[in-house]
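By the count of numbering that gives the first Met the number 0, the sequence shown reaches residue 297 at its end, each step adding exactly one. Yeah, the Cβ is synthetic: ideal placement off N, Cα and C, and Gly gets one too. As the structure is a prediction and not an experimental result, all values here were calculated from the model. One structure below.
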Amino acid sequence: MRHVLSILDFSRKDAEAILRRARQMKVEKHRSKLLEGRTVVLIFEKASTRTRISFEVGIRQLGGQSLLMTPAESQLGRNEPLKDTARVLSRYADALVVRTFGQNVLETLVEYGSIPVINALTDMYHPCQVMSDMLTMYERTPDFEQLKVAWIGDGNNMAHSFINAAARFPFTLALACPKGYQPDPAILAKAVEQGAKIELSDDPKKAASGAHYLNTDVWASMGQEEEQKLREAAFEGYQVDGALMALAAPDCKFLHCLPAHRGEEVSEEVFEGPASVVFDQAENRLHMQKAIMEWVFA
Ligand code: CP
Ligand code: NVA
């Protein structure tokens, strides 16, 4: 059985095939009956616009049905053991798409459940988002070998998934994260061991220099709202603005998984400017979710 807990669950070959397939599905406005008669339960313990809706629409476009389960309206919020929930849901549904806090929640669902589990964001990873960001880059620059992708900001779930992506696709990832907000060294070490080309510093200018894509994300992720002020101070100088874009390669594109905080991690000018491809990224979530579900149910 296939699960998607992180991008490392895909082999290099599978990761490339999923990109190509998502591209093809986008071009042909793909519809199928792959999920006919199947139900996917979406467990969302955090807010979501893109991930939830693109999964729900994608499931329908593949002929299936989806159900949303939230802590507020289920026994999840009343401390029913997760291992019990895993076994119950496995008797009704055909897959789980889960947005939660700890990666261990997904691991428990895999251990006690008997249906595929797909990570729709945890504090540690956001694999479906970064696979769709790979699609956004693939559409423009299919040769990843010569590509420099910069990550400017928090060493968070998105950064970790980009690090994993660098272990599956041959681009160079240059991360600039403030001290104290750098990615998990174990995640970094594992990716490098698997061949990832990664540069880590606390210098946004160095990371941006000559980059083909500049990527950022909010400074305080979901669950870190109370650290907002502290983080605003720690991330001073990390805004992706016109000056930083000017250091990048001439046709550099700006990426952001959204939602964005204009005036914090990105300037209004860059967000709304011609280099910004953020809404193509958002669209690609739909195509990528379908390609990932096809891989899961293959
Ligand atoms: N990018 C992303 O995951 O957005 P949502 O939080 O709206 O799902
Ligand atoms: N790092 C952000 C991504 C949101 C899509 C968060 O976890 O809140």
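Indicate the three-state DSSP secondary structure (helix, strand or coil) for ALA94 in the structure shown. Strand at ALA94.
Going by the CB atoms, is the gap between THR50 and GLY152 shorter than 9 Å? Between GLY152 and THR50, the C-beta gap is not smaller than 9 Å, which leaves the two residues out of contact.
Three-state secondary structure (DSSP) of THR140: Note: THR140 maps to coil in three-state DSSP.
Could you please give me the residues that DSSP links to TRP150 through a beta bridge? According to DSSP, which records beta bridges pairwise, TRP150 is partnered with LEU174, ASN214.
If distances are taken between C-alpha atoms only, which option among GLU264, MET287, ASP142 comes closest to GLY241? If we check each option's Cα against that of GLY241, GLU264 comes out closest.
For LYS196, the residue or residues it bridges with in DSSP: LYS196 is bridged to THR171.
Using CA atoms only, rank isn't needed, just tell me which of LEU95, ASN103, SER73 is closest to PHE54. Comparing Cα positions, the closest option is LEU95.
Got a sec: does the ligand CP put a non-hydrogen atom nearer than 8 Å to the Cβ of ARG261? ARG261: no, Cβ never under 8 Å from the ligand CP.
Proximity winner among THR140, GLN145, ASP183, relative to ARG19 (alpha-carbon distances): Among THR140, GLN145, ASP183, the Cα nearest to that of ARG19 is on THR140.
Nearest-angstrom Cα separation, counted from TYR111 out to VAL191: If you take the alpha carbons of VAL191 and TYR111, they lie about 32 Å apart.
Look up ASN163 in the DSSP assignment and say whether it is helix, strand or coil. DSSP, read as helix, strand or coil, puts ASN163 in helix.
Kindly examine the ligand CP and report whether one of its heavy atoms sits closer than 8 Å to the Cβ of PRO126. Not under cutoff, so the answer is no.
Close beta carbons around ILE186, own chain, < 6 Å, minus the five adjacent residues each side: The beta carbon of ILE186 sits closer than 6 Å to those of HIS159, ILE162, all from its chain and outside the five residues before and after it, given in chain order.
The alpha helix (DSSP H) that contains LEU285, what's its start and end? It spans 277–295 - the alpha helix (DSSP H) in which LEU285 sits, taken as one unbroken run.
PHE298 lies in the beta strand (DSSP E); which residues open and close that run? Lying outside 0 to 297, the shown extent of the chain, residue 298 is not represented and no answer is given.
Per the contact definition of three or more C-beta pairs closer than 8 Å, is the segment 129–140 in contact with the segment 272–281? With three or more CB-CB distances shorter than 8 Å, the segment 272–281 counts as touching the segment 129–140.
Would you please verify whether the beta carbon of GLU138 is less than 9 Å from any beta carbon of chain D? The chain labelled as chain D is not found in the depicted structure, where only one protein chain is given.
Collapsed DSSP secondary structure at PHE100 in the structure displayed: Residue state for PHE100 is assigned as coil, using DSSP reduced to three classes.
For PRO182, does the count of other Cβ atoms within 10 angstroms reach 16, so buried, or fall short, so exposed? So PRO182 counts as buried.
If you draw a straight line from the C-alpha of GLU225 to the C-alpha of ALA206, how long is it? Looking at the two C-alpha atoms, the distance is approximately 28 Å.
I'd like to know whether the C-beta atoms of ALA247 and ALA210 end up nearer to each other than 9 Å. Going by C-beta atoms, ALA247 is nearer than 9 Å to ALA210.
GLN64 - DSSP class collapsed to helix/strand/coil: In this structure, GLN64 counts as strand in the three-state DSSP scheme.
Just verifying my parser: in three-state terms, what is the DSSP assignment at LEU4? In the three-state scheme derived from DSSP, where H, G and I count as helix and E and B as strand, LEU4 is classed as coil.
Segment contact flag, the segment 21–39 with the segment 67–75, C-beta cutoff 8 Å, min 3 pairs: The segment 21–39, when compared against the segment 67–75, does not touch it at the 8 Å Cβ threshold.
Return yes when the Cβ of ALA188 is within less than 9 Å of the Cβ of ALA149, no when it is not. No, these two residues do not count as a Cβ contact at 9 Å.
So LEU120 packs on ARG86, CB below 8 Å; how close in whole Å? Between LEU120 and ARG86, the beta carbon gap of about 24 Å keeps them out of contact (Cβ cut-off 8 Å).
With a threshold of 8 Å (Cβ to nearest heavy atom), would ASN155 be considered close to the ligand NVA? Between the ligand NVA and the CB of ASN155, the shortest heavy atom gap is smaller than 8 Å.
Less than 9 Å separating the beta-carbons of GLU68 and ILE42? According to the sequence as given, residue 68 is Met; it is not Glu. Contact annotation: MET68 and ILE42 have beta-carbon atoms nearer than 9 Å.
Report yes if the C-beta distance between MET292 and VAL116 is below 9 Å; otherwise report no. Note that the C-beta distance between MET292 and VAL116 is not below 9 Å.
If distances are taken between C-alpha atoms only, which option among LEU105, ASP8, LYS196 comes closest to PHE143? Ranking the options by Cα distance to PHE143, first place goes to LYS196.
Using the three-state DSSP reduction, which class does PHE9 fall into: helix, strand or coil? Residue state, collapsed to three classes: coil.
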